[in-house]
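See structure below.
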Amino acid sequence: MDEGRDTPDPGGSGPAVAAGVRLSEVQEAYGRYTEHATRCWGCRAIDERCDTGERLHRAYRQVDEDARRRLIGDQPG
Ligand SMILES: [Zn+2]
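Residue 47 in my numbering sits at position 47 of the sequence shown, with consecutive numbering throughout.
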C-alpha cells in the first residue's frame, strides 16, 4: 500500500522571478530621483533642488557615468 505518502506540490512555489530580470542600476537610480522630484516641492521649481534631490541626482549621474565607462571598457577583443 502506497497510501499516506505526501507528494509535494509540483511547482507550487509561486511566480518564478527570472534571474537577471531587473532594472539596471541606472534606471533604478533615475527612478529614485524622478520619484522624489515629482513629489518634492523643493525640487519642482525650475533649477532648484533640495538636498535630497541633489543627492539623488548626483547618485544617478554617477551610476550613469560608471555604466557608460563599463560599457566602453568592456568590449571583447
Ligand atoms: Zn526634493
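Cβ coordinates follow ideal geometry from the N, Cα and C atoms, glycine included.
Flag Gly73 as yes when its Cβ comes closer than 7 Å to any non-hydrogen atom of ligand 1, and as no otherwise.
Position 73 of the sequence shown, counted from the first residue, corresponds to residue 73. No, Cβ of Gly73 sits at least 7 Å from all heavy atoms of ligand 1.
Opening and closing residue of the alpha helix (DSSP H) in which Asp66 lies:
Position 66 of the sequence shown, counted from the start, is the residue given in the question as residue 66. Taken as a continuous stretch (DSSP letters only), the alpha helix (DSSP H) holding Asp66 covers 51–73.
Can we count Gly31 as close to ligand 1, meaning its CB is less than 7 Å from some heavy atom?
Taking the sequence shown and counting its residues from 1, one reaches residue 31 at position 31. At a cut-off of 7 Å, the beta-carbon of Gly31 does not count as near ligand 1: no heavy atom of the ligand is closer than that.
When Glu28, Ala37, Val63 are compared against Gly53, the one with the closest alpha-carbon:
The count along the sequence shown starts at 1 and reaches residue 53 at position 53. Closest by alpha carbon: Ala37.
For ligand 1, residues whose Cβ lies under 7 Å from any non-hydrogen atom:
One residue after another in chain order, those with a Cβ under 7 Å from a heavy atom of ligand 1 are His36, Ala37, Cys40, Gly42, Cys43, Arg49, Cys50, Thr52, Gly53.
Just how far apart, CA to CA, sit Gly73 and Asp66?
Here the question's residue 73 lines up with position 73 in the sequence shown. Here the question's residue 66 lines up with position 66 in the sequence shown. Spanning the two alpha carbons is a distance of roughly 10 Å.
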